[in-house]
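J.:
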Amino acid sequence: MRDEILKKLIEKTAKVMRVDPSTLSENTNIKTDLNLKSLELAGIISEFEEEYDCYIKYTELMHAETIGQAADAIAKMVG
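For what it's worth, my numbering labels the leading residue of the sequence shown as 29, then goes sequentially.
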């Protein structure tokens with residue numbers, strides 16, 4: 029499931045940030061490489077909550093530095 033979440037997270041992040049998904053990987057730093065803002069992250073979280081019918085703690089994702097770490101956190105929460 030983690031691989032599926034990582035793929036979707038890369039796609040959703042690329043869409044929000046208006047970048048080519050092929051330029052992103054699990055090692056992409058969310059803060060320094062993408063400068064992802066909290067409102068953008070909240071939108072991505074909302075999409076995952078809808079898709080997986082679950083609650084994702086925003087505070088858990090705030091500590092993720094890379095897309096891979098964010099995927100790990102989401103995978104734990106969606107079960």
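Using N, Cα and C, we set each Cβ at its ideal position, and we do this for glycine too. The structure presented is a predicted model; accordingly, all values stated were derived computationally and were not measured.
Taking Ala99 as the reference, give the member of Ile73, Lys59 and Leu62 with the closest Cα.
T.: Ile73
J.: According to DSSP, is Thr51 part of a helix, a strand, or is it coil?
T.: helix
J.: Tell me the DSSP bridge mates of Asn4?
T.: In the structure as shown, the chain begins at 29 and stops at 107. Residue 4 is therefore absent and cannot be evaluated.
J.: Below 7 Å CB to CB, which residues in the same chain sit around Leu89 once its five sequence neighbours on both sides are set aside?
T.: Leu69, Ile73, Ala98 and Ala101
J.: For Leu62, collect the residues of the same chain with a Cβ closer than 6 Å to its Cβ; drop the 5 residues on either side in sequence, then sort them by chain order.
T.: Only Met45 meet the Cβ criterion.
J.: Hey, how far is the Cα of Glu78 from the Cα of Met105?
T.: 13 Å
J.: Among the residues of its own chain, which have a CB less than 6 Å from the CB of Ile33, if the five just before and after it don't count?
T.: Ala99, Ile102 and Ala103
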